[in-house]
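Working notes, beginning with the structure itself.
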Amino acid sequence: MHQFGYKRGRLYCEQVSVEALAKAHGTPLFVYSQATLEDHFQKLDDALSPVDHLICYAMKANSNLGVMRTLANQGSGFDIVSGGELLRVIAAGGDAKKCTFAGVGKTEDEIELALRKRIYCFNVESEPELQRISKVAGRLKKNAPIAIRVNPNVDAKTHAKITTGTYENKFGIPYEKIESVYRKAAKLPNIWLRGVQMHIGSQLTSVQPFEDAVAKMIPLVQRLKKRHNLEFCSIGGGLGIVYEPALASGDEKWWKSKDAKGILTPAEYSRRLIPLLKQLDMRIVIEPGRFIAGNAGVLVTRVEYVKKTAHKNFVIVDAAMNDLIRPAFYESYHEILPLKQGKGGKISSDVVGPICESGDTFCKDRLLPRIKEGDYVGMLSSGAYGFVMASTYNSRPLAAEVLVNGKTSAVVRKRQPVKEIWAGEHVPRWLK
Ligand SMILES: *Cc1c(COP(=O)(O)O)cnc(C)c1O
178 MHQFGYKRGR LYCEQVSVEA LAKAHGTPLF VYSQATLEDH FQKLDDALSP VDHLICYAMK
238 ANSNLGVMRT LANQGSGFDI VSGGELLRVI AAGGDAKKCT FAGVGKTEDE IELALRKRIY
298 CFNVESEPEL QRISKVAGRL KKNAPIAIRV NPNVDAKTHA KITTGTYENK FGIPYEKIES
358 VYRKAAKLPN IWLRGVQMHI GSQLTSVQPF EDAVAKMIPL VQRLKKRHNL EFCSIGGGLG
418 IVYEPALASG DEKWWKSKDA KGILTPAEYS RRLIPLLKQL DMRIVIEPGR FIAGNAGVLV
478 TRVEYVKKTA HKNFVIVDAA MNDLIRPAFY ESYHEILPLK QGKGGKISSD VVGPICESGD
538 TFCKDRLLPR IKEGDYVGML SSGAYGFVMA STYNSRPLAA EVLVNGKTSA VVRKRQPVKE
598 IWAGEHVPRW LK
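Using my numbering, read the sequence shown as starting at 178 and increasing by one per residue.
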């Protein structure tokens, strides 16, 4: 469910006209719905209510301070992947003690920072990392809370760039080796074995792979819990969202329709996983990113030109792959809608950005309403892995971001001034 939809032919985010925001703040512009963020968090919180649980929002999906504070106010913890993200949690008013620290490449400085800020847990991905954490914790005379990431070798059946739970990829420690690694970890000084963790991939649209992975993990986790007195089990993130049809999926009725059958919903996630999770009798941690933020944002862009060729109708917009890289990177789908509904009929179109790469394409040969120069369009479901993956390629400044709350809105990140792009650069003395 989300809070984007047409009212009297105009696209609204909650009770604010998206076009009014585009006119006031310029484009490209990310617009986020606070009510949607809260609703998605709450639905997962309710789904897990039969067990003791902690939701650690995977902030790499969208780490704007306004978004982060919205979730911190709901009681969310955060799944972080760098020292920078931990500092961001603190800047946003979040609680470092509710942070889990993931990632295969934690540096000594990052480990030290996380220990000083007393994070909830390090999710450890390798034996060398265990040794490094033990060493840094020893130096600081602290005990480092850790969970080891199990790679359950379950195929998440998602895009190759975002599947993580098979032996083909760099994540975690193989299921068969995990007990011996826990035994070794138990002998290391300054290590506190607090939990066990897994994460099998991103954008999973059915519950089945989660169910398979959790079922496979149960006997293992029960043994580990008994042997090492573990407090929690994290089942990771990866809950998928509906990208198509994104607009319809905002409607409560759609979720109950036959089109939505088989789609991962919090209710289905709960119905299938809670009976398994109850057997563990441990605190359950989840790390959803996309599920919370994905359908809570749109990227708004203005049409600069419409270029008709013998074969194509190209709609050239002022957003590009530097603003939203997902279509270029994962061939992903974003629903594209005019902010103002017209009567002009539909035409097969390619929506493209201005960057000199053919990959700078948001959609190909898609039947879209006729759009003309100066019109605005919104790319739906851009709230996760959108702005956070933006770059200044082509010396294009980072877009502005706005958070909507009911009838009000606020700029939560101003458009980057263009000179800031090269502010850290210098021409060396010998060239002057
Ligand atoms: C990326 C990631 C997540 C969040 O994934 P989503 O698909 O956005 O839910 C959770 N846990 C880990 C370890 C991750 O790497």
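For glycine and all other residues, C-beta sits at the position ideal for the given N, C-alpha and C.
Near ligand 1: residue i beta-carbon under 8 Å from a heavy atom
| i | result |
| --- | --- |
| Ser226 | no |
| Tyr183 | no |
| Asp222 | no |
| Gln211 | no |
| Asn241 | no |
| Pro443 | no |
| Tyr562 | yes |
| Ser379 | yes |
| Arg467 | yes |
| Glu508 | no |
| Asp256 | yes |
| Ala238 | yes |
| Thr284 | no |
| Gly315 | no |
| Asn472 | no |
| Thr343 | no |
| His336 | no |
| Leu416 | yes |
| Asn346 | no |
| Glu578 | no |
| His376 | yes |
Beta-carbon gap between residue i and residue j smaller than 9 Å
| i | j | result |
| --- | --- | --- |
| Arg326 | Gln374 | yes |
| Asn320 | Thr341 | no |
| Glu304 | Ile350 | yes |
| Thr204 | Ala496 | yes |
| Asp552 | Arg479 | yes |
| Lys275 | Gly466 | no |
| Thr382 | Gly414 | no |
| Ala600 | Arg590 | no |
| Cys190 | Val581 | yes |
| Glu302 | Lys347 | yes |
| Ala175 | Ala279 | Here the chain has residues from 178 to 609 only, and residue 175 is not among them. |
| Leu188 | Leu514 | yes |
| Leu627 | Ser210 | Residue 627 lies beyond the residue range present for the chain, which begins at 178 and ends at 609; the question has no answer from this structure. |
| Phe218 | Gln251 | yes |
Whole-Å CB distance - residue i paired with residue j, under 8 Å assumed
| i | j | result |
| --- | --- | --- |
| His230 | Asn472 | At roughly 22 Å, the Cβ-Cβ gap does not stay under 8 Å, so His230 and Asn472 are not in contact. |
| Thr335 | Gln380 | 5 Å |
| Val494 | Leu557 | Wrong, their Cβ atoms sit about 14 Å apart, outside the cutoff. |
| Arg309 | Ala273 | In fact, because the Cβ distance is near 20 Å, the residues do not count as touching under 8 Å. |
| Thr442 | Trp432 | 6 Å |
| Ala470 | Leu214 | 7 Å |
| Asp527 | Lys541 | 5 Å |
| Pro594 | Glu512 | About 31 Å; that fails the 8 Å criterion. |
| Ser253 | Ile232 | 5 Å |
| Ile463 | Leu397 | About 18 Å separates the two Cβ atoms, so there is no contact after all. |
| Gly427 | Phe207 | That belief does not hold up - the Cβ atoms of Gly427 and Phe207 are roughly 17 Å apart, past 8 Å. |
| Phe387 | Arg460 | 18 Å between Cβ atoms; not a contact. |
| Tyr297 | Pro322 | 7 Å |
According to DSSP, residues forming a beta bridge with residue i
| i | result |
| --- | --- |
| Trp599 | Looking at the DSSP assignment, Trp599 forms no beta bridge with any residue, so it has no partner. |
| Ser194 | Tyr189 |
| Phe491 | Lys484, Asp527 |
| Ala321 | Ile368 |
| Ile461 | His230, Cys410 |
| Arg326 | Gln374 |
| Phe142 | With the chain covering 178 to 609 only, the question about residue 142 has no answer from this structure. |
| Asn300 | Ala324 |
| Val331 | DSSP output for Val331 lists no bridge partner at all. |
| Arg479 | Tyr553 |
| Phe539 | Answer is none; Phe539 lacks a bridge partner. |
| Ile310 | BP columns for Ile310 are empty, so no partner. |
N- and C-terminal bounds of the beta strand (DSSP E) containing residue i
| i | result |
| --- | --- |
| His230 | 230-235 |
| Phe218 | Counting along the chain, Phe218 falls outside any beta strand (DSSP E), though it belongs to the alpha helix (DSSP H) covering 211-224. |
| Leu248 | Counting along the chain, Leu248 falls outside any beta strand (DSSP E), though it belongs to the alpha helix (DSSP H) covering 242-250. |
| Gly148 | What the structure shows of the chain is the stretch from 178 to 609, and residue 148 is not part of that stretch, so it cannot be assessed. |
| Val588 | 585-590 |
| Ile548 | Taken as a continuous stretch (DSSP letters only), Ile548 belongs to no beta strand (DSSP E), as it is neither H nor E. |
| Leu263 | Unbroken run through Leu263 is the alpha helix (DSSP H), 260-268; no beta strand (DSSP E). |
Bounding residues of the alpha helix (DSSP H) (the contiguous stretch that carries residue i)
| i | result |
| --- | --- |
| Arg404 | 385-405 |
| Leu580 | Per DSSP, Leu580 belongs to no alpha helix (DSSP H); it is in the beta strand (DSSP E), 577-582. |
| Gly555 | Segment 553-556 is the beta strand (DSSP E) holding Gly555; no alpha helix (DSSP H) there. |
| Lys609 | Per DSSP, Lys609 belongs to no alpha helix (DSSP H) and is neither H nor E. |
| Pro504 | 503-507 |
| Ile513 | First-last for Ile513: 513-515, but that is the beta strand (DSSP E), not the alpha helix (DSSP H). |
| Lys433 | 429-433 |
| Ile532 | Here Ile532 belongs to no alpha helix (DSSP H), and DSSP marks it neither H nor E. |
| Ile288 | 285-293 |
| Phe564 | Phe564 -> no alpha helix (DSSP H), and no H or E assigned at all. |
| Arg467 | 467-470 |
heavy atom of ligand 2 below 8 Å from residue i C-beta
| i | result |
| --- | --- |
| Lys402 | Ligands displayed in this structure: ligand 1; ligand 2 is not among them. |
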